[in-house]
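Engineer: For the sequence shown, the residue numbers in mature numbering (1 follows the signal peptide of the UniProt record, and there is no 0) are -21 to -1, 1 to 397. For every residue, glycine included, the Cβ atom is placed at its ideal position computed from N, Cα and C. Can you keep this structure in mind? I'll have questions shortly.
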Amino acid sequence: MWGSSLILLASILGQFSEINGQARPQDVCVQGDAVNEGNCYAPKCYCSNMFNFPRSIEKETKGKQKNVVKFSSKDDIPQMVAFTFNDPVDQDTYEPYMDLFYGKQNPNGCPVSVTIFTSDNNTDYCMINQLYRYGYEIANSGKSRKSTVNFWQQGSGDEFRQELSEQIELIHEKAEIPRTDIRGWRTPLLQPGGDKLFRILHGNNFVKYDATILAGPQSLTDNITWPFTLDYPIQFPCGIPPCPTQRYPGFWVVPVIRILDVNDLVCSFAHRCIYPPQNEEETYEFLWKNFEHHYRLNRAPFIINLEANWFNEKLYAFEAVKRFIQALLSRDDVYLVNTWQIVQWMQDPTPLGKDNKLMNNFKPWKERGCEYLPRKMKCTIKRKSKSFVGEINLALWQWLFMAIVLAILVRKDWNAKD
C-alpha cells in the first residue's frame, strides 16, 4: 500500500512541475484504473492528459456489483470517427448533409451520425427537425453566433447565458427537439470563454459537454488527447485563451483535435489549413493520413471539424469526403458517430469483443433504435435535385455547352469578316 501511495505522490509532484508552473498539487490529475492507483477513475472521471486508454476499468452493474472491463491492447477499442459541422442549416448545407450521410450504416446496423453546431442565423428549423429524425445530433453554437473574438473573451456572464438559453429554446420550439437532446456546445471561433462561460455551461446544466477547447498533436508522432472530464483543471497549455482553470466535476470536454495539412502543419478545421489539399486525391489522402494517425497510435476518437460550405467552394472536396466515408465504413472496427455518442462510450467503455459482438450490441448507441424516426413537422423540404453533386455537374455541363456555342458563333463571325 505504501509503495503504490508513494508512486502516486511522485506522479503528482512530477506532473505538478510540468504544468505551466502554476498548478497546485491537489489540482493535478492522475488517471487510475482497476490496477493502478490514481485520483481520477474511469468511467466517471478522465484526465485531460490521458493519451492511452486505461487497460482495466471497474464498472458498476445494475446490482451495484463490480465488473472489470479489460482492454488488452488498442485493437480492443472501436475507432470512433465524428464529423462535426459549424453551420446554419439551410438549403445549401442540407444537401451535402443528406448526400454524404443519409442511408449509410455502421457495423452495428444503425445509421451513421454527425453533429451539427447550429445558430439561429439563416437556419431552417424544419430542416433541423428532419436531420434530427434521421439521427443527426443537433447541438448549440449560440443564438446569434457572434463572430467577434472580443465578445467571447470579454462578454458578461449574462450575455453568455442569453446566447445559450435562447438558442436552446429556439431549437426546442421551432425544430421540436426535446431540450434534453440538445447536449453539446461549441463557441464560435473556438473561443473557450474561460471560467465565466464554463460556470454557466456546468452550473445551469444547459449542456452535457463542450467541444471548443483546442488540443492534440503538433506532428504525426505526437500523442493524441482523449475526451476528458473537468473533475480536475486542464493539464495541458491553453491553445486559444481563455481556457477554464477551475474544476467542473462531471462536465465533459470533447476537444477540437488538431490535424495536419498536406505539408504536416497543424490546423483545427479541415477546410482552413495553411496548405490545404488542391484536388480530390490530395483531399482524400489528407483525411486518410490523419485518420491513420489516430487508428494506429491510440484509437482516440478522430473528430473532423468542417463547414458544409466547403463543398460548395471546393467541388472536389465533396467527392473526396464521400470516398473517405466509404473507406471508413468498409472496416468493421470503425464507427461514424456523433459527439454525444463518443461521450456515451466513454461513460460505458466497451471493447469490440469477439467478432465485434460486444460493440455491435452496445445499448447506448441503440437507445433510439436503428430506424429513422417518422417525420412530424408539417413542412416541405424541397431538395434542389436528386444529387447534390449531380446538380453541380449539370451546372458545369451547362456552362461548357454555352462556352462551346459562344466559341462557334465567334468563329463564324470571324470567318464572315474574312
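Please check the pair Phe93 and Phe139, which I expect to be a contact at CB under 8 angstroms, by giving their CB distance rounded to whole angstroms.
Structural biologist: In the sequence on display, residue 93 carries Val and not Phe. No, Val93 and Phe139 are not in contact; Cβ-Cβ is about 26 angstroms, not under 8 angstroms.
Engineer: Give the single residue among Ile117, Ile192, Phe130 whose Cα lies nearest to the Cα of Ile156.
Structural biologist: The shortest C-alpha separation from Ile156 is found at Ile117.
Engineer: Would DSSP call Asp210 helix, strand or coil?
Structural biologist: Note: Asp210 maps to coil in three-state DSSP.
Engineer: Of all the alpha helix (DSSP H) runs that stay within the bounds of the region 133 to 185, which reach a length of 4 or more residues?
Structural biologist: Counting whole runs of 4 or more residues, the region 133 to 185 contains the alpha helix (DSSP H) stretches 136 to 154, 173 to 182.
Engineer: From Gln109 to Ala287, what does the alpha carbon distance come to, in whole angstroms?
Structural biologist: In a straight line, the C-alpha of Gln109 is about 17 angstroms away from that of Ala287.
Engineer: Using the rule of at least 16 other Cβ atoms within 10 Å of the residue's Cβ for burial, across every protein chain shown, is Glu260 buried or exposed?
Structural biologist: Flag for Glu260 reads exposed.
Engineer: May I ask you to report which of helix, strand or coil DSSP gives Trp231?
Structural biologist: DSSP places Trp231 in strand when its eight states are reduced to three.
Engineer: Which whole runs of the beta strand (DSSP E) in the region 2 to 40 are 3 residues long or more, in chain order?
Structural biologist: Listed in chain order, the complete beta strand (DSSP E) runs (minimum 3 residues) inside the region 2 to 40 are 35 to 39.
Engineer: Report buried or exposed for Asn339, applying the criterion of at least 16 other Cβ atoms within 10 angstroms of its Cβ.
Structural biologist: Result: buried.
Engineer: By the three-class DSSP mapping on this structure, what secondary structure does Asp66 have?
Structural biologist: Here Asp66 sits in coil by DSSP.
Engineer: Whole angstroms are fine: how far does the CA of Arg237 sit from the CA of Pro33?
Structural biologist: Cα to Cα, the separation comes out at about 23 angstroms.
Engineer: Take Pro171 and list the residues in its own chain whose beta-carbon comes closer than 7 angstroms to its own, dropping the five residues that flank it on each side.
Structural biologist: Closer than 7 angstroms at the Cβ level, and outside the excluded window around Pro171, lie Thr191, Ile192, Ile219, Pro221, Cys222, Pro223.
Engineer: DSSP on Ile192, reduced to helix/strand/coil?
Structural biologist: Residue state, collapsed to three classes: coil.
Engineer: Counting only the same chain and skipping the five closest in sequence on each side, list residues whose C-beta sits under 7 angstroms from that of Asn85.
Structural biologist: Cβ neighbours of Asn85 beyond the five flanking positions: Val91, Tyr314, Leu315.
Engineer: Helix, strand or coil: how does DSSP classify Leu352 here?
Structural biologist: Of the three classes helix, strand and coil, the one that applies to Leu352 here is coil, per DSSP.
Engineer: Would you identify the three-state DSSP class for Asn(-2), choosing helix, strand or coil?
Structural biologist: The predicted position of Asn(-2) is uncertain, since its pLDDT is 45 and thus under 50; a value taken from the coordinates is nonetheless stated next. Coil, per DSSP.
Engineer: Would you please state the rounded distance, in angstroms, between the beta carbons of Tyr104 and Lys153? I believe it to be under 8 angstroms.
Structural biologist: With 8 angstroms as the limit, Tyr104 and Lys153 qualify as a contact, their Cβ atoms being about 4 angstroms apart.
Engineer: Counting C-beta neighbours from all protein chains within 10 Å, is the total for Leu352 16 or more, i.e. buried, or is it exposed?
Structural biologist: Flag for Leu352 reads exposed.
Engineer: Taking Pro277 as part of the beta strand (DSSP E), name the residues at either end of that continuous run.
Structural biologist: Note that residue 277 is Asn in the sequence shown, not Pro. Element bounds for Asn277: n/a, residue is neither H nor E.
Engineer: Measure the C-alpha to C-alpha separation of Glu7 and Pro216 and round it to an integer number of angstroms.
Structural biologist: Before going further, note that residue 7 is Val rather than Glu in the sequence given. If I take the Cα positions, the gap works out to 13 angstroms.
Engineer: Go ahead and label Pro256 buried or exposed: buried means 16 or more other beta carbons lie within 10 angstroms of its beta carbon, across all protein chains shown.
Structural biologist: Buried, since its Cβ has 16 or more Cβ neighbours within 10 Å.
Engineer: How should Asp12 be labelled, buried or exposed, when 16 other C-beta atoms within 10 angstroms of its C-beta is the threshold for buried?
Structural biologist: The residue in question, Asp12, is buried, as its Cβ has 16 or more Cβ neighbours within 10 Å.
Engineer: Going by other Cβ atoms of all chains shown within 10 Å of its Cβ, with 16 needed for buried, is Thr166 buried or exposed?
Structural biologist: Thr166 comes out buried.
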